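Each number in this note's numbering comes from the position in the sequence shown (counting from 1) with 16 added on. Written out below as structure tokens is the structure these notes cover.
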Amino acid sequence: MDNYHIAFNSDENYIPYLSVLITSMVYSANRVDKPFCFHILMDKLSENIKEKLETMILELSKIYHCSLEIHIISDEVFARYEVPKLNGNYLAYYRLLIGSVLEGIPSVLYLDVDMLCLCDIREIFSYLEVMREKGLVCGVVYDYINNNRRLVSKNDELPSICGDYAKTYFNSGMLLVDLDSWRKLGIEQESLMIAKNYNLKEHDQSILNASLLHKTLKLPLRYNLLVYMYINANTLEHKKPNIAYTKEELSESLANPCILHFYTHHKPWVDSKIYVDLKGNFLGHYWWDMACKTPIFCSELEKLRQVADENKVFQVSLGFMLYKLTRISFVFSPIIVPIVTCIYIMLNKTINKQIPNNLYNISYEIGKAGIYAHNKRKKGKYFSLPFKILNMVKKY
């Protein structure tokens, strides 16, 4: 019997977080169908982590049948093509080898570790038929619009990659890959050549956008919803956000996300709240609810909970106060805001007041701006802070 193949990159440190994502997919499967086969591409694996993973899969199979395959990747090919390391390793680039590593497998869904599944993930595989009809290799979700994106060559012999590169730029955290076409078109070899010959501003994401140019199918935003999108929720009535989707598509995705992507610094195991969704729930709480159901790893994850619960309390409290000051009187805010921010941060005291859910997201962002301005005060960032806050209030 065939499987739904799903692949990830991970090192041992991220395995507990990956276990939550895997658990979310199993719990979200709402009907009996083909089994899941999870593939983890790793640089090494200790016997202890291996045993934990195997036990976890056995427990999850009691809910929905699944299996696990570990693939240890050699760094030799990346060194040979002079691929620049990211965070001291090549882990992020392992997905480039997915065609050769998963030999004989016709298709796969690749997901980043910092994601959470909120729907039956198997529905996304239905897009493979459309991809094959159109001769496309990969289903993707487009990133923010930035018409200045381009990939610059390291030498004058090769041209820069631009034009449609910027128009169809996608986030590489979710890739629905027709592996047969991937291998046939030599995407792996082309990706390695691009890695060697171009300056990679966004690492593997830059590579994949170049090697898959004109070979991707645009998928609904809900399949790779960056959690930061929830800060755009209040812009829907006023203007179109800077994304490659309509206001209606964004609104639908925010209301019914399938895959939440806790990208960059928005990690739920670091900050248990992050943003508030359209239902008034903290996004990080969805992840923690699933962490509590995750076999084997739940107890060690729970040790992180208290710190995660308290991580951004001060930042959001500061942001809420600055928001109120700006709303009361913008005329005096250029004087009041820097002084209050400085005193508040120096005292390091949080206001014990419940922040309304509809103001949590904007308070989060304003607080972050306030802390940044304080840290960069010697460069005059305090002077621009009130105007930055005003722009945020107007925008969001």
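For glycine and all other residues, C-beta sits at the position ideal for the given N, C-alpha and C. It should be emphasised that the depicted structure is a prediction, and the values quoted were computed from it without experimental measurement.
Practice item. Could you tell me the boundaries of the alpha helix (DSSP H) in which L102 lies? Key: Counting from one through the sequence shown, the residue named residue 102 turns up at place 86. Element bounds for L102: n/a, residue is neither H nor E.
Check your understanding: Quick one: any contact between the stretch 76-87 and the stretch 45-62, if contact means 3 or more CB pairs under 8 angstroms?
Key -> yes
**Study point:** Closest Cα partner of E67 within the set M306, I31, Q331, I22
**Key:** By one-based count along the sequence shown, residue 67 stands at place 51. Among M306, I31, Q331, I22, the Cα nearest to that of E67 is on I31.
Review point. In its own chain, which residues sit with a C-beta less than 7 angstroms from the C-beta of V146, not counting the 5 before and 5 after it?
Key: Taking the sequence shown and counting its residues from 1, the one referred to as residue 146 is at position 130. Counting only Cβ-Cβ distances below 7 angstroms, and skipping sequence neighbours, we find L233.
Point to revise | 7 angstroms CB neighbourhood of S26 in its chain, flanking five on each side removed | key: Mapped onto the sequence shown, residue 26 falls at position 10. Counting only Cβ-Cβ distances below 7 angstroms, and skipping sequence neighbours, we find L34, I56, M58, V129.
Point to revise | C-beta contact flag for S315 and G300 at 7 angstroms | key: Numbered from 1 along the sequence shown, position 299 holds the residue referred to as residue 315. Numbered from 1 along the sequence shown, position 284 holds the residue referred to as residue 300. For S315 and G300, no; Cβs fall outside 7 angstroms.
Review point. When you compare each of L125, Y126, K101, E139 to S44 by their alpha carbons, which one comes out closest?
Key: Reading the sequence shown from its first residue, position 28 is the one you call residue 44. Of L125, Y126, K101, E139, the residue nearest in Cα terms is E139.
Practice item. Please list, in chain order, all residues of the same chain as Y110 whose beta carbon is under 7 angstroms from its beta carbon, the five residues on each side excluded. Key: In the sequence shown, residue 110 corresponds to position 94, counting from 1. Only N25, L57, I89 meet the Cβ criterion.
Exercise for review: Can you check DSSP and say which residues form a bridge with K234?
Suggested key: Taking the sequence shown and counting its residues from 1, the one referred to as residue 234 is at position 218. According to DSSP, which records beta bridges pairwise, K234 is partnered with V156.
Practice item. Please state whether DSSP places A211 in a helix, a strand or coil. Key: Along the sequence shown, one-based indexing puts residue 211 at 195. Looking at A211 - three-state DSSP - the assignment turns out to be helix.
Check your understanding: Taking just the CA atoms, how far does E326 sit from P284?
Key -> Position 268 of the sequence shown, counted from the start, is the residue given in the question as residue 284. Position 310 of the sequence shown, counted from the start, is the residue given in the question as residue 326. Each residue's Cα considered, the two are about 12 angstroms apart.
Review point. Between I223, N258, I359, which lies nearest to D159 when the distance is taken from Cα to Cα?
Key: On the sequence shown, residue 159 is found 143 positions in, with the first residue counted as 1. For the residues I223, N258, I359, the minimum Cα distance to D159 belongs to N258.
Check your understanding: Once you ignore the five residues that flank E303 on each side, which residues in its own chain have a CB closer than 6 angstroms to its CB?
Key -> Numbered from 1 along the sequence shown, position 287 holds the residue referred to as residue 303. Note that residue 303 corresponds to Trp in the displayed sequence, not to Glu. Only L132, P284 meet the Cβ criterion.
Exercise for review: Helix, strand or coil for N19, going by three-state DSSP, please let me know.
Suggested key: As a working note, residue 19 is residue 3 in the sequence shown. Three-state result, N19: coil.
Point to revise | Residue of G386, M306, L375, L317 minimising C-alpha distance to Q331 | key: Against the sequence shown, residue 331 aligns to sequence position 315. Measuring from the Cα of Q331, the nearest candidate turns out to be G386.
Review point. Any idea if G179 is buried or exposed, counting beta-carbon neighbours within 10 angstroms, 16 or more meaning buried?
Key: One-based indexing of the sequence shown puts residue 179 at position 163. Exposed, by the Cβ-count rule.
Review point. On the three-pair Cβ rule with 8 angstroms, is the stretch 166-176 touching the stretch 187-201?
Key: no
Review point. How many angstroms separate the CA atom of M245 from the CA atom of S188?
Key: Start at 1 with the first residue of the sequence shown, and residue 245 comes out as number 229. Start at 1 with the first residue of the sequence shown, and residue 188 comes out as number 172. Looking at the two C-alpha atoms, the distance is approximately 16 angstroms.
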